[in-house]
Amino acid sequence: MDPPKPLPPGLDPRAAAVLREIVEQYVGTGEPVGSRTLARRLPIALSPATIRNVMADLTDAGLLFAPHTSAGRLPTERGLRLFVDGLLHFGDLSLEERESISRQLAAHGRSMQDTLADASAMLSGLSQAAGMVLAPKSDGAIKHIEFASLGSGRALVILVAADGQVENRVIEIPPGLPPSALTEAANYLNARAAGRTLVELRRRVADEMAQDRGQLDLLAAGVVEAGLATWTEAGRGGSLIVRGQARLLADVTQIENLAAIQVLFDRLETQETMLRLLELAEQSDGVRIFIGAESAVFGSSGVSMIVAPARNDADRIVGAIGVIGPTRINYGRIIPVVDYTARVIGRLLG
């Protein structure tokens, strides 16, 4: 466990104890907490009258608010920020938990895209919120390209990078395309791919085809162009994978309204969101917590985001890992999960 933190400026032990208990109850139930409940649960002996006075002071300071006419209080986003920065205690993951995360993400025989999708789903399950994993665009050298027919006018493009990462894309091909066209397209690209990045390969293929399209069968040429285009359009890597959005809908009352959720979903689909997430990751050595409107990515009250950079062995940013949820997510539990998952993904992407 972390050593005890000094009390935040302006909070005496009684106020700190009251604020901590209200936040912990809020995280657990989402319900306002009254003075009688606090009198039973606080680790120090205080009368309900004294607690009401402390709660009034915390409310005047902008750290608590009354959601309706009841005597109960909830933390404001400012109160949550003070709690996270100055009062939150969280421990490291157990050895068993770390091994479980590493085992789930390091399974063999899958593409990196599948691994990242599993990481996002795993974060969602562990946090009961939405999990997100951002892999930046890759520009490494290519080792091998292969095409495999899927039938029904579709084929799988398999790209193996020089660092061993494997990525898959599905492309549309003419129905009934002979296997020889897929083989010819793969042979053509592999003869030119070794040591080149995808950008360099696209440039060379475009130049050669412009000069002499006759060197490839017309059908094979179409496969080559479709196979390269799928990475041109989607980007190689460069993807934000989000799982568990439905969990946010389940917490819509905590995130204020359905419109805020829709705005959040829309922003998750944009390239700008990916760039901002990477910027946030690059500005941080470890986990960062954004509560409500603090986040430059979403700027929505009622939503918290916990994000950490994924760094490789050379300390270069290779992605970002995070969780998005209502402001009453379990910070003490989720922060170490995000931190460790980011380190595992950093090694895998490095």
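For the sequence shown, this note's numbering begins at 29 and goes up steadily by one. Each residue gets a CB set at the ideal place from its N, CA and C atoms; glycine is no exception. Note that the structure is a prediction, hence the values are computed from the model and not measured.
Coil, strand or helix - Phe175 by DSSP
strand
Between which residues of its own chain and Ala262 is the CB-CB distance below 6 Å, once the five residues before and five after are set aside?
Reliability fails at Ala262, whose pLDDT of 48 lies under 50, so the model's placement of it is uncertain and no value is given.
Okay, do the stretch 108–124 and the stretch 44–57 touch, 3+ Cβ pairs below 8 Å being the bar?
yes
Please confirm whether Met83 and Leu74 have their CB atoms less than 8 Å apart.
no
For Leu187, which residues in the same chain have their Cβ closer than 6 Å to its Cβ, ignoring the five residues on either side in sequence?
Ile173 and Glu195
Look at the alpha carbon of Pro76 and the alpha carbon of Glu59, and state the distance between them as a whole number of angstroms.
18 Å
On the DSSP bridge assignment, give the partners of Ser332 in chain order.
Beta-bridge partners of Ser332 (DSSP): Ile319 and Gly353.
Are the beta-carbon atoms belonging to Gly255 and Ala213 less than 8 Å from one another?
yes
Could you give the first and the last residue of the continuous alpha helix (DSSP H) run that contains Asn396?
No statement about residue 396 is possible, as the shown extent of the chain runs from 29 to 378 and does not include it.
When the Cβ atoms of the stretch 270–280 are set against those of the stretch 203–218, are three or more pairs found closer than 8 Å?
No, they do not touch.
Span separating the alpha-carbon of Leu220 from that of Glu127:
In the sequence under discussion, the amino acid at residue 220 is Arg, which differs from the Leu named in the question. Rounded to the nearest angstrom, the gap between the Cα atoms of Arg220 and Glu127 is 41 Å.
So which of Arg356, Thr143, Arg375 and Ala338 has the shortest CA-CA distance to Gln156?
Arg356
Within a Cβ cutoff of 6 Å, which residues of the same chain sit near Pro203, ignoring the five residues on either side of it in sequence?
Gly181
In or out: Val198 buried (at least 16 other Cβ within 10 Å) or exposed?
Residue environment: Val198 is assigned as exposed (fewer than 16 neighbouring CB atoms within 10 Å of its CB, all protein chains considered).
Would you list the residues sitting across from Ala45 in a DSSP beta bridge?
Ala45 is not bridged to any residue.
Under the three-state reduction of DSSP, which class applies to Ile201: helix, strand or coil?
coil
Cβ-Cβ distance between Pro354 and Asp120 below 8 Å
no
For Ile362, which residues of its own chain have a beta-carbon under 7 Å away from its beta-carbon, when the five flanking residues on both sides are left out?
Ser155, Ile334 and Val351
Which ranges would you report for the beta strand (DSSP E) in the stretch 72–138 if only whole runs of at least 3 residues count?
none
Helix or strand or just coil, what does DSSP make of Ser155?
Under the three-state reduction of DSSP, Ser155 is assigned to helix.
Nearest to Phe293 by alpha carbon, out of Leu306, Arg304, Leu277 and Glu307?
It is Leu277 whose Cα lies nearest to the Cα of Phe293.
For Ala278, which of helix, strand or coil comes out of DSSP?
helix
Let me know the secondary structure DSSP gives Leu66 once reduced to three states.
helix
Going by DSSP, which residues form a beta bridge with Val194?
The bridge partners DSSP lists for Val194 are Val188.
Rounded to whole angstroms, how far is the Cβ of Ile317 from the Cβ of Val112, which I believe are closer than 8 Å?
5 Å
Buried or exposed for Pro103, please, with buried defined as at least 16 other CB atoms from any protein chain shown within 10 angstroms of its CB.
buried
Is there at least one Cβ from chain C nearer than 8 Å to Ala309's Cβ?
In the structure shown, chain C cannot be found, because there is only a single protein chain.
Identity of the residue in Asp88, Thr57 and Leu162 nearest Ala43 by Cα:
Asp88
Beta-carbon gap between Ser132 and Met160 smaller than 8 Å:
Reading off the sequence, residue 132 comes out as Gln, not Ser. No, the pair does not count as a contact, with Cβ atoms beyond the cut-off.
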